[in-house]
Amino acid sequence: MTIQEEIDSLRDSLKSSLTGFFKRFYMEHGEPLVASFIIGDDPSARSYLKAKIKMGQALGVKVKPMELNPDMTEDEVAEKISEASAAANIHGIMIEAPVPKSFDLKVLQEAIDPSKDIDCATSRNLGALLKGDTTLEPATVRSISSIMDLFHLPRGSAVAVINRSVVIGKPLALDLITKDYTVFVCHSKTANIRQICRGAAAVVVAVGHPGFLTRDFVTGDSFVIDAGINYVDGKILGDADYENLVGFVKGITPVPGGVGRLTSLYIFHNLKVLIERYVK
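Mapping to this note's numbering: the sequence shown position 228 is 254, numbers consecutive.
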């Protein structure tokens, strides 16, 4: 199978498993409910929320939009999130990004009870990764890690991650180290970045620049996971120069249709993990 076909197969299997789980949960406990906070009218945040609502419907989970006025103070928003965290009928909470510049997303995420943190955004849940506990991970990280497994790379293989954010790069590095990969975390200040990437068995790119990763970063034996999302002239493009890399590298994930195919499902996988851990 091609990488695309393997991703689709993994998606179908995961979707089937989650649908069965939430159906059983509904019969025993009632409707599973996710509160998704959105502040203002950012188009991309709205798009992400819409996609989660649609996926939730397919899986049997209600995703309730929690609309907040951008004129509210950060403390007021945090209080609303805390109130939702305390509600017994709410099983998962997340905050749609981006948020208005007057808010610090990291501060707001800390208002989420870790037992309902379905995107692994709180310090407590992220901290567990430092101890090698990968049971709960940011959804994008889980998606990338699952795709990496499809490559069947030998233990100890070098992986270059071009991203150092707390959302992708840092937690992904911890995940891959736990799986015995040798990880190089690269960023805009990394010297000899092309040389590092060419020496790696796989390259993960998420920099927010369409076409950033070109042939001079890779070899014909490289695998590429493109976690970039860019909107250009009404099209969604990744960070890799896909047209010039496909057929040249050993394998590459497309955008759309690659990492994003699994990410929204792993949000609900995390919901399942937290329900199993905390709901009695």
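We treat Cβ as the ideally placed atom computed from N, Cα and C, and that holds for glycine.
As the structure is a prediction and not an experimental result, all values here were calculated from the model.
- Task: Taking only runs that begin and end inside the stretch 226 to 296, name each unbroken beta strand (DSSP E) of 3 or more residues, in chain order.
- Result: List check, beta strand (DSSP E) in window: 228 to 231, 249 to 252, 256 to 258 and 261 to 263.
- Give the single residue among Leu179, Ser214, Ser191 and Leu40 whose Cα lies nearest to the Cα of Val167. The residue given as residue 167 occupies position 141 in the sequence shown. Closest by C-alpha distance to Val167, out of Leu179, Ser214, Ser191 and Leu40, is Ser191.
- Following the continuous alpha helix (DSSP H) through Pro197, name the residue where it begins and the one where it ends. Working through the sequence shown from its first residue, we reach residue 197 at position 171. Pro197 -> alpha helix (DSSP H) spans Gly195 to Thr204.
- Message: Nearest by alpha-carbon distance to Ala282: which of Ile255, Ala123 and Phe47 is it?
- Response: What you label residue 282 is simply residue 256 of the sequence shown in a count that begins at 1. With the sequence shown as reference, residue 282 is identified as Pro, and Ala is not the correct amino acid for it. Residue nearest to Pro282 within the set Ile255, Ala123 and Phe47 is Ile255 (criterion: CA-CA distance).
- Query: Taking Cβ to Cβ, would you say Ser62 is nearer than 8 Å to Glu122?
  - Reply: As a position in the sequence shown, residue 62 is number 36, starting the count at 1. As a position in the sequence shown, residue 122 is number 96, starting the count at 1. Contact: yes.
- Task: Note down the Cα distance separating Ala232 from Gly264, rounded to an integer number of angstroms.
- Result: Here residue 232 refers to the residue found at position 206 of the sequence shown. Here residue 264 refers to the residue found at position 238 of the sequence shown. C-alpha separation (whole angstroms): 8 Å.
- Message: Assess contact between the stretch 27 to 35 and the stretch 49 to 65, defined as three or more Cβ pairs (one per stretch) separated by less than 8 Å. Is contact present?
- Response: Too few Cβ pairs lie closer than 8 Å, so no.
- Message: Quick check on Met53: buried or exposed, where buried means 16 or more other Cβ atoms within 10 Å of its Cβ?
- Response: Here residue 53 corresponds to residue number 27 of the sequence shown, with the count starting at 1. Met53 should be labelled exposed.
- Helix, strand or coil: which one does DSSP assign to Ile119? Position 93 of the sequence shown, counted from the first residue, corresponds to residue 119. The answer is strand: DSSP assigns Ile119 an E or B state.
- Classification of Tyr292 by the beta-carbon crowding that lies within 10 angstroms, buried from 16 upward: Looking up residue 292 in the sequence shown gives position 266. If you draw a 10 Å sphere on the C-beta of Tyr292, you find 16 or more other C-beta atoms in it, and that means buried.
- Task: Return the first residue and the last residue of the alpha helix (DSSP H) that Val167 is part of.
- Result: As a first step, residue 167 must be located in the sequence shown, where it is residue number 141. It spans Ala165 to Leu176 - the alpha helix (DSSP H) in which Val167 sits, taken as one unbroken run.
- If you drop the 5 nearest sequence neighbours on each side, which residues of the same chain put their C-beta closer than 8 Å to that of Lys49? Position 23 of the sequence shown, counting from 1, holds the residue named residue 49. Apart from the 5 residues on each side of it in sequence, Lys49 sits with its Cβ closer than 8 Å to the Cβ of Gly86 in its chain, given in chain order.
- Message: Quick test of your reading: Asp143 and Ile116, contact by CB under 8 Å. State the CB separation rounded to the nearest angstrom.
- Response: Within the sequence shown, the letter at position 117 stands for residue 143. Within the sequence shown, the letter at position 90 stands for residue 116. In this structure, Asp143 and Ile116 do not form a Cβ contact; the two beta carbons are roughly 12 Å apart against a cut-off of 8 Å.
- Query: Are at least three pairs of beta-carbons, each pair with one atom in the stretch 262 to 276 and one in the stretch 238 to 253, less than 8 Å apart?
  - Reply: The stretch 262 to 276 vs the stretch 238 to 253: in contact.
- Query: Would Pro173 pass as a contact of Val275 if the rule is Cβ separation under 8 Å?
  - Reply: What you label residue 173 is simply residue 147 of the sequence shown in a count that begins at 1. What you label residue 275 is simply residue 249 of the sequence shown in a count that begins at 1. Sequence inspection shows Ile at residue 173; the Pro mentioned does not correspond to that position. 8 Å or more divides the Cβ of Ile173 from the Cβ of Val275.
- Task: Assess, as a yes-or-no matter, whether the stretch 132 to 143 is touched by the stretch 198 to 212 under the definition of 3 or more beta carbon pairs within less than 8 Å.
- Result: Too few Cβ pairs lie closer than 8 Å, so no.
- Item | Nearest candidate by alpha-carbon position, reference Lys261, set Arg241, Thr240 and Pro236 | For the purposes of this step, residue 261 is taken as residue 235 along the sequence shown, with counting starting at 1. Just measuring C-alpha positions, the residue of Arg241, Thr240 and Pro236 sitting nearest Lys261 is Pro236.
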